[in-house]
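**Q** Numbering (our numbering), first residue to last: 1 to 190.
Questions regarding the structure given below will be posed in turn.
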Ligand code: ZN
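In structure tokens form, the structure reads like this:
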């Protein structure tokens, strides 16, 4: 099985389940994180116009509270990731802003999702050390999206005014017609 095949997509019911907290960082946890990184990069290699910015463990079918986020999402050649184990949002700050969002588990689909400008995060690193951080802008959006995955929530649940898009071969977003949204919703909801 290739690493790409590890990424599951809608309507796989595991995307709708709650992930469990990680206790100790076992070899299995380390393996899961390495598989997640490889899977995100393998997915990206099949996509001309998209970056595998982040992944949550349920997206490879592992129901544990683990998230990885690209350290430098603007640079496809930089393949480093930050790891967040048991991440929690401890505070939302600033205004809600609506921007397009996509998901490796919902192919070719984008939607306009409102997210808070700034979040404060508490998590554990790969060595089991607790850390806190404040994230704003794009990183705040990515973390809100990924932490939603740990609760079985997908971005399509919170798209504003049915503003859904398809990505075309040249990387442009074109509006998804209403009848396609209706049939896609059956998939998204599992
Ligand atoms: Zn996602």
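Don't be surprised by glycine CBs; every beta carbon is placed ideally from N, CA and C.
Can residue 144 be considered in contact with ligand 1, in the sense that its beta carbon sits closer than 8 Å to one or more heavy atoms?
**A** no
**Q** For residue 138, is the beta carbon positioned less than 8 Å from some heavy atom of ligand 1?
**A** Residue 138: no, Cβ never under 8 Å from ligand 1.
**Q** Measure the CB-CB distance between residue 146 and residue 87 and report whether it falls below 9 Å.
**A** yes
**Q** Quick check on residue 1: does DSSP put it in helix, strand or coil?
**A** Annotation note: pLDDT 49 at residue 1 (below 50); position unreliable, no value reported.
**Q** If contact is defined by three or more beta carbon pairs under 8 Å, each pair taking one atom from either stretch, is the stretch 64-72 in contact with the stretch 90-104?
**A** no
**Q** List the whole-angstrom C-beta distance separating residue 59 from residue 7, where the pair is believed to meet the contact cut-off of C-beta under 8 Å.
**A** 6 Å
**Q** With DSSP run on the structure shown, which of helix, strand or coil describes residue 176?
**A** coil
**Q** Can you check which of these residues, 80, 91 and 186, is closest to residue 106 by C-alpha distance?
**A** Of the candidates 80, 91 and 186, the one whose C-alpha sits nearest the C-alpha of residue 106 is 186.
**Q** What is the residue span of the beta strand (DSSP E) that residue 70 lies within?
**A** 66-70
**Q** Give me the Cβ distance between residue 197 and residue 53, rounded to the nearest whole Å; I'm assuming they're in contact under 8 Å.
**A** The structure shown has nothing for residue 197, since the chain only spans 1 to 190.
**Q** Assign residue 187 to one of three DSSP states: helix, strand, or coil.
**A** helix
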